[in-house]
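Presented below is the structure to which this report refers.
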Amino acid sequence: MTAYLNALGVICALGRSKQEVARNLFAGDCSGMRSEAGWVPERSLPVAAVRGELAPIPAELANQSSRNNQLLQEAALQIRDDIDQAIRTYGRDRIGVILGTSTSGIDEASRGLAHYIREHQFPADYDYQQQELGAPANFLADWLQLSGPAYVISTACTSSARALMSAQRLLDLGLCDAVLCGGVDTLCKLTLNGFSALEAVSEQRCNPFSVNRNGINIGEAAVLFLMTKVAGDKQSLALLGSGASSDAHHISAPEPTGRGALQAMRKALSRANLQPEQIGYLNLHGTATQHNDAMESLAVSALFPAGVPCSSTKPMTGHTLGAAGALEAAFCWLSLSADNQHHALPPHVWDGQPDPELPALNWVTPTDRLASIAPRYLMSNSFAFGGNNVSLIIGDAP
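69 is the number of the first residue of the sequence shown in the working numbering; add one for each residue after it.
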């Protein structure tokens, strides 16, 4: 069954609307990546934060107040009219909420614990459910008064890509008529200090696939798709294929040959009934760590021996962790959107110095364009700790 992606709400360091995000994405704008002190002791690190005030959580849901839920609410507000129309069409019990996250309300929990250590009691506004991994789905369902399936997937950096896969499964099984799916993650000290302890964080803007790459930057984002069984009025874009694998090579390092990544991409192509040469663009996981970029280069060059236009967008957004899979699927959606009248693609932002140890890839430049003749098919990769791999294919619906 075709899973139509009828509406998209997105907020990240590139902007706070589809139009702003698309404009800055296609321009290769990295101005949202700024160096900040205070996240990791005695270090200033580039982070990709969402700037400005966020809408407050409604007073009746104050016990679910967290920055994560505020970001998610901002994405939902962008498509509130589409959500309300889905409620009128299908009913509140036929709409699911499937999200990915890795932080949930951990930042609020950390500040609550720090207050407890100082004052021997938690802050008055602290509630344990803020830090539950399921909190984003619970909040969205409560705020919109939805009673369909609602849950969160937390598989590190593939979380929200898997949320899209699970949303499609709910439609296929007939358990839902529409699903709000995507992901959300926010900057927090726990995450930044954890990756810093792994010596995986760069002190400069990340430099994916360069010989000079030396680690990731962290960002934050919220992405929300409305997925249904029915084509949209304006344009029909869909999740056409998805593939997942688990190579279980190491708790944090990827399988070095790219075997699991290659398996996920091949599964996605098989489910979409496509051949590699039909893919018009590939959004790489591209974290700018030594091992991830090496592995992904091997997998991509093996699957696409003739080459495929590709880029990593993480120098512009940072690695948004649990939100990354949905965010980069959103970049494919924006590339295919009728609003992208110039058929632009996200450029690969780096220092232009390839690693001679890696297979050469076909990097997207600011002047490259996506073919304008439908059907068009774009792929997005997400890879996570534990050898957890997901590949999605977004394209013009049949």
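Ideal placement from N, C-alpha and C gives every residue a C-beta, glycine not left out.
Give the list of continuous beta strand (DSSP E) stretches no shorter than 3 residues that lie fully inside the stretch 202 to 241. 218 to 221
Problem - contact_flag[the stretch 339 to 358, the stretch 374 to 389] where n(CB pairs < 8 Å) is 3 or more - result: yes
Exercise for the section: State the DSSP-derived secondary structure class of D193, mapped to helix, strand or coil. Expected result: Counted from its first residue, the sequence shown places residue 193 at position 125. In the structure shown, D193 sits in coil (DSSP, three-state: anything other than H, G, I, E or B).
Requested in this report: Mind reading off the beta-carbon distance from L260 to V108? Whole number of angstroms is fine, and I expect it under 8 Å.
Outcome: Taking the first residue of the sequence shown as 1, we reach residue 260 at position 192. Taking the first residue of the sequence shown as 1, we reach residue 108 at position 40. Yes, L260 and V108 are in contact; Cβ-Cβ is about 5 Å, under 8 Å.
- [ ] Compute the Euclidean distance between the alpha carbons of D361 and E396, then round it to the nearest angstrom.
- [x] Taking the first residue of the sequence shown as position 1, residue 361 is located at position 293. Taking the first residue of the sequence shown as position 1, residue 396 is located at position 328. Between D361 and E396, the C-alpha separation is close to 17 Å.
task: Measuring alpha carbon to alpha carbon, tell me which of I462, P276 and A452 ends up nearest S222.
output: Within the sequence shown, numbered from 1, the residue matching residue 222 stands at position 154. Ranking the options by Cα distance to S222, first place goes to A452.
Buried or exposed: where does D195 fall if 16 or more other Cβ atoms within 10 Å of its Cβ makes it buried?
Residue mapping note: residue 195 aligns to position 127 of the sequence shown, counting from 1. That one is buried.
Would the stretch 214 to 234 and the stretch 197 to 204 be scored as touching if the rule is three or more Cβ pairs under 8 Å? yes
* Asked: Do L389 and C526 come within 8 Å of each other at the CB atom, strictly closer than that value?
  -> Outside the displayed range of the chain (69 to 466) lies residue 526, so it cannot be described from this structure.
Leaving out five residues before and five after S440 in sequence, what residues of the same chain have Cβ atoms less than 6 Å from its Cβ?
-> Taking the sequence shown and counting its residues from 1, one reaches residue 440 at position 372. Counting only Cβ-Cβ distances below 6 Å, and skipping sequence neighbours, we find H411.
| Which residue spans inside the stretch 269 to 349 form an unbroken beta strand (DSSP E) run of at least 3? | 289 to 296 and 305 to 314
- prompt: By how many angstroms is the C-alpha of P217 removed from the C-alpha of L292?
  reply: Taking the sequence shown and counting its residues from 1, one reaches residue 292 at position 224. Taking the sequence shown and counting its residues from 1, one reaches residue 217 at position 149. Those two C-alpha atoms are separated by around 16 Å.
**Report entry** P126 classed as buried or exposed, judged by whether at least 16 other C-beta atoms fall within 10 angstroms
**Finding:** By one-based count along the sequence shown, residue 126 stands at place 58. Result: exposed.
**Prompt:** Hey, would you say P114 sits closer than 8 Å to S99, going by beta carbons?
**Reply:** Position 46 of the sequence shown, counted from the start, is the residue given in the question as residue 114. Position 31 of the sequence shown, counted from the start, is the residue given in the question as residue 99. No.
ask   = Taking the DSSP output, what are the residues bridged to H387?
value = Here residue 387 refers to the residue found at position 319 when the sequence shown is read from its first residue. Paired residues: I286.
Q. I think L258 touches S170, with their Cβ atoms under 8 Å apart; what is that distance to the nearest whole Å?
A. In the sequence shown, residue 258 corresponds to position 190, counting from 1. In the sequence shown, residue 170 corresponds to position 102, counting from 1. L258 to S170, Cβ: 10 Å. No contact.
| request: Apply the 10 Å Cβ neighbour rule to I174 and answer buried if 16 or more other Cβ atoms are within range, or exposed otherwise. | output: Counting from one through the sequence shown, the residue named residue 174 turns up at place 106. Buried.
- Message: Measuring straight from C-alpha to C-alpha, what distance separates A398 and L76?
- Response: Counting from 1 along the sequence shown, the entry for residue 398 is found at position 330. Counting from 1 along the sequence shown, the entry for residue 76 is found at position 8. Computed Cα separation, rounded: 7 Å.
Check your understanding: Does the stretch 426 to 437 come close enough to the stretch 260 to 275 that 3 or more CB-CB pairs lie under 8 Å?
Key -> no
Mark V279 as exposed unless 16 or more other C-beta atoms lie within 10 angstroms of its C-beta, in which case mark it buried.
As a first step, residue 279 is located in the sequence shown; it is residue number 211 there, counting from the start. When all chains shown are included, V279 counts as exposed.
Which residues does DSSP pair with Y158 in a beta bridge? Translated into positions along the sequence shown, residue 158 becomes position 90. DSSP output for Y158 lists no bridge partner at all.
Query raised in the report: Considering C378, what are the terminal residues of the beta strand (DSSP E) in which it resides?
Result: The residue given as residue 378 occupies position 310 in the sequence shown. Unbroken beta strand (DSSP E) run through C378: P377 to S379.
For this session: Could you tell me which of R91, A105, T381 and D253 sits nearest to E176, measuring between CA atoms?
Result: Here residue 176 refers to the residue found at position 108 when the sequence shown is read from its first residue. Out of R91, A105, T381 and D253, D253 has the C-alpha closest to the C-alpha of E176.
Drop a sphere of 10 angstroms on the beta-carbon of K302, count the other beta-carbons inside from all chains shown, and report buried for 16 or more, exposed for fewer.
Residue mapping note: residue 302 aligns to position 234 of the sequence shown, counting from 1. Exposed is the call here.
Q.
DSSP three-state label for M447, please.
A. Within the sequence shown, numbered from 1, the residue matching residue 447 stands at position 379. The answer is strand: DSSP assigns M447 an E or B state.
Next on the checklist: So, at 8 Å on beta carbons, what are the nonlocal neighbours of P424 in its own chain, with the 5 sequence-adjacent residues on each side left out?
Outcome noted: Here the question's residue 424 lines up with position 356 in the sequence shown. So the list reads V279, once near-sequence residues are dropped.
Every unbroken alpha helix (DSSP H) within the stretch 123 to 159, with a cutoff of 4 residues, ordered by chain:
135 to 146 and 148 to 158
Name the two residues that bound the continuous beta strand (DSSP E) containing S99.
Taking the sequence shown and counting its residues from 1, one reaches residue 99 at position 31. First-last for S99: undefined, no H or E at that position.
Exercise for review: Can you tell me the Cβ-Cβ gap for L371 and R334, rounded? I've got them flagged as a contact below 8 Å.
Suggested key: Indexing the sequence shown from 1 puts residue 371 at position 303. Indexing the sequence shown from 1 puts residue 334 at position 266. Yes, they are in contact, since the Cβ atoms of L371 and R334 sit about 7 Å apart, within 8 Å.
message = If you reduce the DSSP assignment to three classes, tell me which class C400 lands in.
response = Against the sequence shown, residue 400 aligns to sequence position 332. Of the three classes helix, strand and coil, the one that applies to C400 here is helix, per DSSP.
key: Rounded straight-line distance, which links the Cα of M363 to that of P324   = What you label residue 324 is simply residue 256 of the sequence shown in a count that begins at 1. What you label residue 363 is simply residue 295 of the sequence shown in a count that begins at 1. Answer to the nearest angstrom: the Cα atoms are 5 Å apart.
Q. Considering only C-alpha positions, which residue in the set G386, A442 and I284 is nearest to A465?
A. Along the sequence shown, read from residue 1 onward, the residue named residue 465 stands at position 397. Minimum Cα distance to A465 is reached at A442.
(message) Tell me the rounded alpha-carbon separation between H183 and H317.
(response) As a first step, residue 183 must be located in the sequence shown, where it is residue number 115. As a first step, residue 317 must be located in the sequence shown, where it is residue number 249. If I take the Cα positions, the gap works out to 39 Å.
With a cut-off of 8 Å, do at least 3 Cβ pairs link the stretch 233 to 240 to the stretch 157 to 170?
yes
Who are the Cβ neighbours of A340 in its own chain at under 8 Å, not counting the five residues just before and after it?
Mapped onto the sequence shown, residue 340 falls at position 272. Contacts found: L308, G309, Y445, I461 and G463.
Just tell me which of I185, A71, A299 and C256 has its CA closest to the CA of S172.
One-based indexing of the sequence shown puts residue 172 at position 104. The shortest Cα separation from S172 among I185, A71, A299 and C256 belongs to C256.
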